[in-house]
Amino acid sequence: MIRQNPPKANAQKSVYYTHRFDVTPTSPRIPLEGFDNELKAISTPITESYIENGFATLWVESTQLLALIAELHALGYTALTEMSAIDKIEESNEFELFYLLLNLQDTSSKRLKIKTKIKKGQNIASVASLFKSANWSERECYDMFGIIFEGHPCLQRLLMPHDWVGHPLLKSYPLQGDEYAQWYEIDRIFGKEYREIIGAEQRDSARIDRQNSKDFAEIDFNLTFQEEKTPPLIKSLKTNTKLKARR
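Each residue of the sequence shown is one higher than the last, beginning at 1 in the UniProt record's numbering.
The following block contains the structure:
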(Lines of atoms letter the chains of each structure in order from A; the text may use other names.)
(Lines give C-alpha, C1' and ligand atoms only; values in the text may rest on other atoms or scores of the structure.)
Protein backbone atom coordinates (compact mmCIF):
# COMPACT_ATOMS: atom_id res chain seq x y z
CA MET A 1 0.00 0.00 0.00
CA ILE A 2 1.38 3.39 -0.98
CA ARG A 3 1.60 5.90 1.83
CA GLN A 4 -0.48 9.01 1.25
CA ASN A 5 1.47 12.22 1.60
CA PRO A 6 -0.26 14.99 3.58
CA PRO A 7 -1.30 18.09 1.64
CA LYS A 8 1.43 20.71 1.56
CA ALA A 9 -0.42 23.61 -0.02
CA ASN A 10 -0.83 25.26 3.37
CA ALA A 11 2.24 23.81 5.08
CA GLN A 12 3.98 27.09 5.88
CA LYS A 13 0.88 28.64 7.40
CA SER A 14 0.09 25.52 9.42
CA VAL A 15 3.58 25.41 10.91
CA TYR A 16 3.34 29.09 11.79
CA TYR A 17 0.26 28.57 13.91
CA THR A 18 0.91 25.02 15.19
CA HIS A 19 4.61 24.44 15.70
CA ARG A 20 5.06 20.87 16.89
CA PHE A 21 8.07 21.72 19.11
CA ASP A 22 6.74 25.01 20.48
CA VAL A 23 4.81 24.89 23.74
CA THR A 24 3.50 28.33 24.60
CA PRO A 25 4.00 29.02 28.30
CA THR A 26 0.88 30.15 30.10
CA SER A 27 1.02 32.97 32.63
CA PRO A 28 -0.24 31.98 36.08
CA ARG A 29 -3.63 33.41 37.00
CA ILE A 30 -4.44 34.12 40.62
CA PRO A 31 -7.81 35.09 42.12
CA LEU A 32 -8.71 38.75 41.97
CA GLU A 33 -7.95 40.62 45.20
CA GLY A 34 -8.08 44.25 46.26
CA PHE A 35 -10.96 45.25 43.99
CA ASP A 36 -13.92 44.36 46.19
CA ASN A 37 -15.34 47.89 46.14
CA GLU A 38 -15.25 48.02 42.35
CA LEU A 39 -16.90 44.62 41.94
CA LYS A 40 -19.68 45.55 44.38
CA ALA A 41 -20.37 48.86 42.62
CA ILE A 42 -20.45 47.31 39.14
CA SER A 43 -23.82 46.14 37.86
CA THR A 44 -22.52 44.91 34.48
CA PRO A 45 -22.07 41.11 34.48
CA ILE A 46 -18.42 40.00 34.52
CA THR A 47 -17.73 36.68 32.79
CA GLU A 48 -14.27 36.12 34.30
CA SER A 49 -11.86 37.90 36.65
CA TYR A 50 -8.28 37.19 37.74
CA ILE A 51 -4.82 38.73 38.15
CA GLU A 52 -2.28 37.92 35.43
CA ASN A 53 1.20 39.44 35.07
CA GLY A 54 0.34 41.98 37.75
CA PHE A 55 -2.81 43.19 35.98
CA ALA A 56 -6.28 42.80 37.41
CA THR A 57 -8.25 41.53 34.42
CA LEU A 58 -11.99 41.60 33.85
CA TRP A 59 -13.68 39.83 30.95
CA VAL A 60 -16.98 41.14 29.63
CA GLU A 61 -19.25 40.46 26.69
CA SER A 62 -18.68 42.83 23.79
CA THR A 63 -22.25 44.14 24.01
CA GLN A 64 -21.64 45.14 27.66
CA LEU A 65 -18.21 46.71 27.15
CA LEU A 66 -19.30 50.35 27.00
CA ALA A 67 -21.57 49.96 30.05
CA LEU A 68 -18.77 48.41 32.12
CA ILE A 69 -16.18 51.03 31.17
CA ALA A 70 -18.69 53.81 31.87
CA GLU A 71 -19.24 52.43 35.38
CA LEU A 72 -15.49 52.19 35.99
CA HIS A 73 -15.06 55.73 34.68
CA ALA A 74 -17.55 56.92 37.30
CA LEU A 75 -15.55 55.06 39.98
CA GLY A 76 -12.38 57.02 39.19
CA TYR A 77 -10.83 55.08 36.30
CA THR A 78 -10.61 58.19 34.16
CA ALA A 79 -7.44 57.40 32.20
CA LEU A 80 -7.24 55.01 29.27
CA THR A 81 -3.50 54.32 28.98
CA GLU A 82 -3.63 51.76 26.19
CA MET A 83 -6.10 50.06 23.91
CA SER A 84 -5.51 47.62 21.07
CA ALA A 85 -6.48 44.24 19.61
CA ILE A 86 -5.00 40.81 18.92
CA ASP A 87 -5.69 38.92 15.71
CA LYS A 88 -6.99 35.44 16.57
CA ILE A 89 -8.91 34.91 13.35
CA GLU A 90 -6.97 31.79 12.40
CA GLU A 91 -7.64 30.19 15.78
CA SER A 92 -11.24 31.16 16.52
CA ASN A 93 -12.32 33.72 13.88
CA GLU A 94 -12.20 36.40 16.58
CA PHE A 95 -10.42 39.56 17.67
CA GLU A 96 -9.38 39.98 21.28
CA LEU A 97 -9.61 43.60 22.45
CA PHE A 98 -8.10 44.96 25.65
CA TYR A 99 -8.37 48.30 27.47
CA LEU A 100 -5.94 49.38 30.22
CA LEU A 101 -7.57 51.74 32.72
CA LEU A 102 -5.86 53.78 35.45
CA ASN A 103 -7.55 55.15 38.57
CA LEU A 104 -6.23 58.68 39.09
CA GLN A 105 -8.40 59.32 42.17
CA ASP A 106 -6.96 56.43 44.14
CA THR A 107 -3.65 57.03 45.93
CA SER A 108 -2.46 53.52 45.02
CA SER A 109 -3.05 54.17 41.29
CA LYS A 110 -5.04 51.02 40.66
CA ARG A 111 -5.01 49.58 37.17
CA LEU A 112 -7.57 47.40 35.45
CA LYS A 113 -7.43 45.52 32.19
CA ILE A 114 -10.77 45.06 30.46
CA LYS A 115 -10.89 42.34 27.80
CA THR A 116 -13.53 41.22 25.35
CA LYS A 117 -13.87 39.28 22.10
CA ILE A 118 -15.65 40.07 18.86
CA LYS A 119 -16.16 37.96 15.77
CA LYS A 120 -14.51 38.90 12.50
CA GLY A 121 -16.64 41.58 10.85
CA GLN A 122 -18.46 42.43 14.07
CA ASN A 123 -18.62 46.07 15.20
CA ILE A 124 -18.07 47.27 18.75
CA ALA A 125 -19.08 50.41 20.64
CA SER A 126 -16.59 53.27 20.83
CA VAL A 127 -15.40 54.59 24.21
CA ALA A 128 -14.14 57.88 22.73
CA SER A 129 -16.99 59.70 24.49
CA LEU A 130 -15.41 58.72 27.84
CA PHE A 131 -11.69 58.99 27.05
CA LYS A 132 -10.05 61.46 24.68
CA SER A 133 -7.12 59.07 24.28
CA ALA A 134 -9.50 56.50 22.77
CA ASN A 135 -9.96 58.70 19.71
CA TRP A 136 -6.55 57.91 18.24
CA SER A 137 -6.31 54.43 19.78
CA GLU A 138 -9.51 53.31 18.08
CA ARG A 139 -8.47 54.96 14.82
CA GLU A 140 -5.18 53.06 14.92
CA CYS A 141 -7.02 49.83 15.71
CA TYR A 142 -9.33 50.42 12.76
CA ASP A 143 -6.36 51.25 10.53
CA MET A 144 -4.29 48.20 11.50
CA PHE A 145 -7.04 45.58 12.03
CA GLY A 146 -10.13 46.91 10.26
CA ILE A 147 -12.32 46.87 13.38
CA ILE A 148 -15.29 49.25 13.20
CA PHE A 149 -16.02 51.29 16.35
CA GLU A 150 -19.61 52.47 16.36
CA GLY A 151 -20.10 56.03 17.59
CA HIS A 152 -16.53 57.17 16.94
CA PRO A 153 -16.50 60.88 15.96
CA CYS A 154 -13.98 60.50 13.12
CA LEU A 155 -13.20 56.88 12.31
CA GLN A 156 -10.57 57.01 9.57
CA ARG A 157 -7.04 55.78 9.05
CA LEU A 158 -4.37 57.18 11.35
CA LEU A 159 -1.01 55.79 10.16
CA MET A 160 -1.60 54.52 6.63
CA PRO A 161 -2.81 56.69 3.72
CA HIS A 162 -6.58 57.09 3.51
CA ASP A 163 -6.72 55.24 0.19
CA TRP A 164 -4.65 52.28 1.44
CA VAL A 165 -5.99 48.79 0.81
CA GLY A 166 -5.76 46.22 3.60
CA HIS A 167 -4.84 46.28 7.29
CA PRO A 168 -1.12 45.68 8.01
CA LEU A 169 -1.35 44.12 11.51
CA LEU A 170 -3.56 41.24 10.43
CA LYS A 171 -1.63 37.97 10.52
CA SER A 172 -2.93 37.25 7.03
CA TYR A 173 -1.28 40.42 5.68
CA PRO A 174 2.04 39.69 3.88
CA LEU A 175 5.14 40.82 5.78
CA GLN A 176 6.44 42.80 2.80
CA GLY A 177 3.03 44.04 1.72
CA ASP A 178 0.69 42.79 -0.95
CA GLU A 179 0.64 43.64 -4.65
CA TYR A 180 -1.18 46.90 -3.98
CA ALA A 181 1.55 47.99 -1.53
CA GLN A 182 4.31 47.22 -4.04
CA TRP A 183 2.78 49.52 -6.63
CA TYR A 184 1.28 52.17 -4.34
CA GLU A 185 3.92 54.92 -4.67
CA ILE A 186 4.57 54.16 -8.34
CA ASP A 187 0.87 54.50 -9.18
CA ARG A 188 0.47 57.63 -7.08
CA ILE A 189 3.52 59.49 -8.41
CA PHE A 190 3.85 58.33 -12.01
CA GLY A 191 0.64 56.47 -12.85
CA LYS A 192 -0.14 52.85 -13.65
CA GLU A 193 1.04 53.26 -17.24
CA TYR A 194 4.64 53.52 -15.95
CA ARG A 195 4.64 50.21 -14.10
CA GLU A 196 6.62 48.34 -16.74
CA ILE A 197 9.12 51.18 -17.09
CA ILE A 198 9.88 51.80 -13.40
CA GLY A 199 9.11 48.43 -11.82
CA ALA A 200 7.59 47.52 -8.48
CA GLU A 201 8.74 49.18 -5.28
CA GLN A 202 11.48 47.29 -3.43
CA ARG A 203 10.05 46.57 0.04
CA ASP A 204 12.62 44.05 1.27
CA SER A 205 14.74 45.90 3.85
CA ALA A 206 17.27 43.05 3.93
CA ARG A 207 17.99 43.19 0.20
CA ILE A 208 21.49 44.35 -0.81
CA ASP A 209 22.21 45.70 -4.27
CA ARG A 210 25.77 44.55 -4.89
CA GLN A 211 26.00 46.62 -8.07
CA ASN A 212 25.30 49.88 -6.22
CA SER A 213 28.78 50.95 -5.18
CA LYS A 214 27.93 54.65 -4.89
CA ASP A 215 25.65 54.42 -1.86
CA PHE A 216 27.99 52.05 -0.05
CA ALA A 217 30.83 54.56 -0.53
CA GLU A 218 28.93 57.48 1.01
CA ILE A 219 30.45 58.27 4.40
CA ASP A 220 30.24 61.39 6.54
CA PHE A 221 33.99 61.93 6.89
CA ASN A 222 36.62 61.68 4.15
CA LEU A 223 40.37 61.23 4.48
CA THR A 224 41.31 64.29 2.46
CA PHE A 225 45.08 64.54 2.80
CA GLN A 226 48.15 63.25 4.65
CA GLU A 227 49.74 65.70 7.07
CA GLU A 228 53.45 66.30 6.82
CA LYS A 229 55.90 64.91 9.37
CA THR A 230 53.37 62.56 10.93
CA PRO A 231 53.13 58.77 11.10
CA PRO A 232 51.41 57.28 8.05
CA LEU A 233 48.32 56.16 9.98
CA ILE A 234 47.51 59.57 11.47
CA LYS A 235 45.39 61.49 9.01
CA SER A 236 43.34 64.66 9.18
CA LEU A 237 39.58 64.30 8.89
CA LYS A 238 37.53 67.01 7.27
CA THR A 239 33.77 67.10 7.21
CA ASN A 240 32.25 66.03 3.96
CA THR A 241 30.83 68.94 1.97
CA LYS A 242 27.56 67.03 1.56
CA LEU A 243 27.27 66.73 5.34
CA LYS A 244 27.89 70.47 5.72
CA ALA A 245 25.17 71.28 3.23
CA ARG A 246 22.79 68.97 5.02
CA ARG A 247 23.45 70.68 8.35
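The beta-carbon is built from N, C-alpha and C at its ideal position, and this holds for glycine as well.
TODO: Determine the closest residue to residue 131 out of 175, 35, 69 and 95, with distance taken between C-alpha atoms.
DONE: Here residue 131 corresponds to residue number 131 of the sequence shown, with the count starting at 1. Nearest option by C-alpha distance: 69.
- [ ] May I ask you to report which of helix, strand or coil DSSP gives residue 30?
- [x] In the sequence shown, counting from the first residue as 1, residue 30 sits at position 30. DSSP places residue 30 in strand when its eight states are reduced to three.
Open item on the list: Could you check whether residue 125 and residue 134 sit closer than 8 angstroms to each other, using their CB atoms as the reference points?
Closed with: In the sequence shown, counting from the first residue as 1, residue 134 sits at position 134. In the sequence shown, counting from the first residue as 1, residue 125 sits at position 125. For residue 134 and residue 125, no; Cβs fall outside 8 angstroms.
TODO: Flag this pair as yes or no: are the beta carbons of residue 49 and residue 72 separated by less than 8 angstroms?
DONE: On the sequence shown, position 49 is the one that residue 49 refers to. On the sequence shown, position 72 is the one that residue 72 refers to. It is not a contact, given that the beta carbons lie outside the stated cut-off.
- [ ] Compute the Euclidean distance between the alpha carbons of residue 193 and residue 183, then round it to the nearest angstrom.
- [x] One-based indexing of the sequence shown puts residue 193 at position 193. One-based indexing of the sequence shown puts residue 183 at position 183. Each residue's alpha carbon lies about 11 angstroms from the other.
Task: Cβ-based burial, residue 139 [other Cβ within 10 Å; buried from 16] - done: By one-based count along the sequence shown, residue 139 stands at place 139. When all chains shown are included, residue 139 counts as buried.
Open item on the list: Going residue by residue through the stretch 57-92, where are the continuous alpha helix (DSSP H) segments of at least 4 residues, counting only ones entirely within it?
Closed with: The DSSP assignment places complete alpha helix (DSSP H) segments of no fewer than 4 residues inside the stretch 57-92 at 65-74 and 89-92, in order along the chain.
Task: For residue 116 and residue 62, believed in contact at Cβ under 8 angstroms, the rounded distance - done: Your numbering for residue 62 matches position 62 in the sequence shown. Your numbering for residue 116 matches position 116 in the sequence shown. Going by Cβ atoms, the distance from residue 62 to residue 116 rounds to 5 angstroms, so yes, they are a contact pair.
Open item on the list: Under 8 angstroms, with one C-beta from each stretch per pair, do the stretch 135-155 and the stretch 85-105 reach the 3-pair mark?
Closed with: yes
TODO: Starting from residue 46, follow the alpha helix (DSSP H) in both directions and report where the run begins and ends.
DONE: Along the sequence shown, read from residue 1 onward, the residue named residue 46 stands at position 46. First-last for residue 46: undefined, no H or E at that position.
Task: Uninterrupted alpha helix (DSSP H) stretches inside the stretch 142-172 (no shorter than 4 residues) - done: none
Open item on the list: Using the Cβ count rule (16 or more neighbours within 10 Å means buried), how would you classify residue 181?
Closed with: The residue you call residue 181 lines up with position 181 of the sequence shown. Buried is the call here.
Task: Rounded straight-line distance, which links the Cα of residue 76 to that of residue 102 - done: Here the question's residue 102 lines up with position 102 in the sequence shown. Here the question's residue 76 lines up with position 76 in the sequence shown. Answer to the nearest angstrom: the Cα atoms are 8 angstroms apart.
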